[in-house]
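> Dumping the structure here so I can ask a few things about it.
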Amino acid sequence: MPGSSGTEDRLDVAVVGAGFSGLYLIHRLRKLGFSVRAFDSAGDIGGTWYWNRYPGARCDVESMQYSYSFDEDLQRDWNWSERFATQPEILAYAQHVAERFDLKRDIRFNTTIAAAHYDEAAQLWTLMTDKGEAIEARFCVMATGCLSAARDPEIKGAARFAGAVYRTGNWPHEPVDLSGKRVGVIGTGSSAIQAIPEIARQAGHLFVFQRTPNFSVPAKNAPLTPDYVASWKDDYPALRKRAREETRSGTIYEFAVKSALEATPEEREAEYQRRWDKGGANFMHAYTDLVVDERASETAAEFVRRKIRAVVKDARTAELLSPKDYPIFTKRICVDTDYYATFNCANVTLVDIRRDPIQEITPTGLRTGAQDFDFDVLVYATGFDAMTGALDRIDIRGPDGRDLRSKWAHGPRAYLGLMSAGFPNLFIVTGPGSPSVLSNVITSIEQHVEFITDCIDHMRAKGLARIDPAQEAEDRWVAHVGEVAGGTLLPKAASWYMGANIPGKPRVFMPYVGGVDRYRRACNDIVAKGYEGFTFA
Ligand code: N01
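The numbering used here runs 19 ahead of the 1-based position in the sequence shown.
Set out below in structure tokens:
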């Protein structure tokens with residue numbers, strides 16, 4: 020590749036990313052005897068949990084399930100303190116894993132991979148860092164994450180703001196003191212919904228600029244009790260197996276057995292209330308038809324709207340916070356602590372930028388059509404170029420020079436979300452077309468890492484140098500992903516699942532809605548049939 024200023028050792032596998040995918044890849048590949056190195060732009064491990072350090076950042080999957088299951092001693096030894104772990108605790112867990120398995124010696128930090136080109140004759144990927152170094156590897160695995168390309172919206176005047184600017188998706192590592200400050204937050208997605216109550220506690224005044232309200236359920240977070248921990252640890256292998264093989268989400272919830280429309284209004288009310296009181300995303304599993312039937316979904320949506328009206332004292336603010344133009348659960352459900360109640364605080368103002376859009380950012384705040392807002396600190400909680408963004412930032416080229424960006428210009432195309440035809444020996448962990456963001460992502464990561472590493476091992480055993488999905492297998496899978504999504508309400512929302520949050524991004528439903536159980540069976544079946552749909556050389 021032109022511009023190269025030196026070559027590292029030739030690796031069996033180069034891994035891009037040192038989050039939960041990258042860490043497990045290193046561990047597994049090393050155990051199989053392959054040479055592997057991971058590269059990450061960050062200064063340390065953790066991926067998403069390295070960058071998203073905003074106040075209030077936590078996982079919305081329960082700690083006992085949001086962790087690796089591949090090593091029984093690891094899962095028994097680690098002790099989570101709360102039902103929903105904080106970002107620092109999850110990062111401490113990742114550090115523990117890295118130390119326990121001595122993973123950091125095979126990671127290069129502060130290293131951004133800018134390009135990856137495949138040389139057919141040499142059967143090698145050459146990865147180019149942003150500093151112009153080249154790394155050669157037989158296989159390249161993109162462990163780049165689904166929500167890792169944070170984005171600032173393009174708003175006129177943004178560069179002129181004279182105060183401090185922070186981003187939830189790339190929060191400073193040093194403490195940020197917001198006490199007494201006037202703060203403006205743009206965005207009301209999961210990140211903002213977690214950050215807003217915490218920021219409101221410190222700020223002199225907080226302006227929340229909301230374009231689209233989100234549905235949020237209470238976390239009811241609490242310290243874990245020894246009994247609850249024991250109920251998991253005593254049966255961890257079986258419970259993990261169940262989560263992997265028998266659930267759609269890779270997480271054990273109380274799964275519904277009945278349609279919302281078959282239940283009486285009184286039964287529904289009691290069931291929604293029971294789940295609301297228990298807290299967390301378990302709420303969305305109350306009935307079987309909540310993501311497939313709009314009338315069923317509306318019963319859950321109206322329950323949440325009534326809760327908002329009951330909590331938020333100002334009726335106009337309550338109405339603004341109540342989503343009405345998309346079915347509940349078609350955007351990722353948010354899980355909060357005190358979000359709606361925060362709008363009762365005298366120092367918090369909700370600004371409806373749907374009706375009165377932001378015109379520009381000014382040196383002292385921002386201006387909508389009707390009003391000027393002055394603040395000292397601006398927080399972008401404006402989300403990510405999800406699922407494809409991190410890959411799009413790398414110049415990935417196959418043997419014929421064709422780049423992945425052009426191939427995916429009308430939407431991502433990948434067989435099982437794992438490989439894209441025309442890009443041999445290039446794997447993607449939790450790529451578009453896999454359950455990924457619709458699941459407990461660590462469950463999905465483990466399954467993908469195991470598939471990929473087993474495949475590379477299989478190739479070594481059979482003396483095979485090159486794997487590429489067949490175009491027709493990929494086309495069939497992409498059509499299947501679309502069909503399954505089309506059978507649900509999910510494509511009805513302008514969500515990041517659909518690419519709708521990025522101007523100009525094709526509107527394609529990207530994750531696989533079929534469930535991790537069904538997806539895993541499909542993968543296993545394909546392997547059992549000699550990697551059906553893949554071509555080897
Ligand atoms: O991002 P989002 P996020 N002008 O895209 C608004 C995971 N996550 O970082 O909807 C004004 O959801 C945008 O408005 P609209 C989780 O999967 C998990 O919050 O486009 N506003 C929206 O309100 C989640 O779904 C956890 O109208 C603009 C917000 O910014 C995913 O990450 C915690 C705008 C973006 O919301 C992403 O969540 C946090 C503009 N130009 C995140 N552009 C947990 O595990 C965007 N917005 C708990």
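We treat Cβ as the ideally placed atom computed from N, Cα and C, and that holds for glycine.
Using only alpha-carbon positions, find the residue among 164, 447, 153, 92 that is nearest to residue 39.
If you number the sequence shown from 1, residue 39 lands on position 20. Comparing Cα-Cα distances from residue 39 to each of 164, 447, 153, 92, the minimum goes to 164.
> Closest to residue 559 by CA distance: which of 209, 300, 200 is it?
Residue 559 is absent from the model: the chain starts at 20 and stops at 556.
> Report all residues from its chain with a CB closer than 7 Å to the CB of residue 461; omit the five preceding and five following residues, and keep chain order.
Walking along the sequence shown from the start, residue 461 turns up at place 442. Around residue 461: 39, 85, 86, 87.
> How many Å lie between residue 312 and residue 511 at the Cα?
Here residue 312 is taken as the residue at index 293 of the sequence shown, counted from 1. Here residue 511 is taken as the residue at index 492 of the sequence shown, counted from 1. So the alpha carbons of these two residues sit roughly 12 Å apart.
> For the stretch 512-530 against the stretch 426-439, are there 3 or more C-beta pairs whose distance is under 8 Å?
Result yes; three or more Cβ-Cβ pairs closer than 8 Å.
> Check whether the stretch 201-211 touches the stretch 385-397, taking contact to mean three or more Cβ pairs, one atom from each stretch, closer than 8 Å.
Flag = yes, the stretch 201-211 and the stretch 385-397 touch.
> Look at the Cβ atom of residue 158, then the Cβ atom of residue 32, and state whether they are nearer than 8 Å.
By 1-based counting over the sequence shown, the position of residue 158 is 139. By 1-based counting over the sequence shown, the position of residue 32 is 13. The answer is yes: Cβ separation under 8 Å.
> DSSP three-state call for residue 399: helix, strand or coil?
One-based indexing of the sequence shown puts residue 399 at position 380. Note: residue 399 maps to strand in three-state DSSP.
> For residue 146, name the three-state secondary structure that DSSP assigns.
Translated into the one-based positions of the sequence shown, residue 146 becomes position 127. Reduced to three states, the DSSP call for residue 146 is strand.
> What I want to know is whether the C-beta of residue 79 ends up closer than 7 Å to one or more non-hydrogen atoms of the ligand N01.
Translated into the one-based positions of the sequence shown, residue 79 becomes position 60. For the ligand N01, at least one heavy atom lies less than 7 Å from the Cβ of residue 79.
> Compute the Euclidean distance between the alpha carbons of residue 279 and residue 309, then round it to the nearest angstrom.
Locating residue 279 in the sequence shown gives position 260, counting from the first residue. Locating residue 309 in the sequence shown gives position 290, counting from the first residue. Each residue's alpha carbon lies about 7 Å from the other.
> For residue 41, which residues from the same chain have a beta carbon less than 6 Å from its beta carbon, with the 5 sequence-adjacent residues on both sides left out?
If you number the sequence shown from 1, residue 41 lands on position 22. So the list reads 34, 57, 162, once near-sequence residues are dropped.
> With respect to 7 Å, is the separation between the Cβ of residue 520 and the closest non-hydrogen atom of the ligand N01 below this value?
For the purposes of this step, residue 520 is taken as the residue at position 501 of the sequence shown. Under cutoff, so the answer is yes.
> Got a sec, what are the start and stop residues for the alpha helix (DSSP H) residue 472 sits in?
Translated into the one-based positions of the sequence shown, residue 472 becomes position 453. Start and end: 460-481.
> Is the beta carbon of residue 409 sitting closer than 8 Å to the one on residue 168?
Here residue 409 refers to the residue found at position 390 of the sequence shown. Here residue 168 refers to the residue found at position 149 of the sequence shown. Yes, they are a contact pair.
> Just the Cα atoms here: how many angstroms apart are residue 83 and residue 28?
Within the sequence shown, residue 83 is the residue found at index 64, counting from 1. Within the sequence shown, residue 28 is the residue found at index 9, counting from 1. Spanning the two alpha carbons is a distance of roughly 39 Å.
> Any heavy atom of the ligand N01 closer than 7 Å to the CB of residue 323?
To locate residue 323, count along the sequence shown from 1; it is residue 304. Residue 323: no, Cβ never under 7 Å from the ligand N01.
> Name the two residues that bound the continuous alpha helix (DSSP H) containing residue 412.
Taking the sequence shown and counting its residues from 1, one reaches residue 412 at position 393. Premise fails: residue 412 is in no alpha helix (DSSP H) and is neither H nor E.
> With a threshold of 16 other CB atoms inside 10 Å of the CB of residue 98, please say whether the residue is buried or exposed.
In the sequence shown, the residue the question calls residue 98 occupies position 79. Exposed.
> Using only CA atoms, which one of 440, 350, 477 lies nearest to residue 425?
For the purposes of this step, residue 425 is taken as residue 406 along the sequence shown, with counting starting at 1. The shortest Cα separation from residue 425 among 440, 350, 477 belongs to 440.
> Say whether the stretch 222-229 touches the stretch 246-255, bearing in mind that this needs 3 or more beta-carbon pairs closer than 8 Å, one atom from each stretch.
No: the two stretches stay apart, fewer than three of their Cβ pairs being nearer than 8 Å.
> Can you tell me whether DSSP reads residue 271 as helix, strand or coil?
Within the sequence shown, residue 271 is the residue found at index 252, counting from 1. Here residue 271 sits in coil by DSSP.
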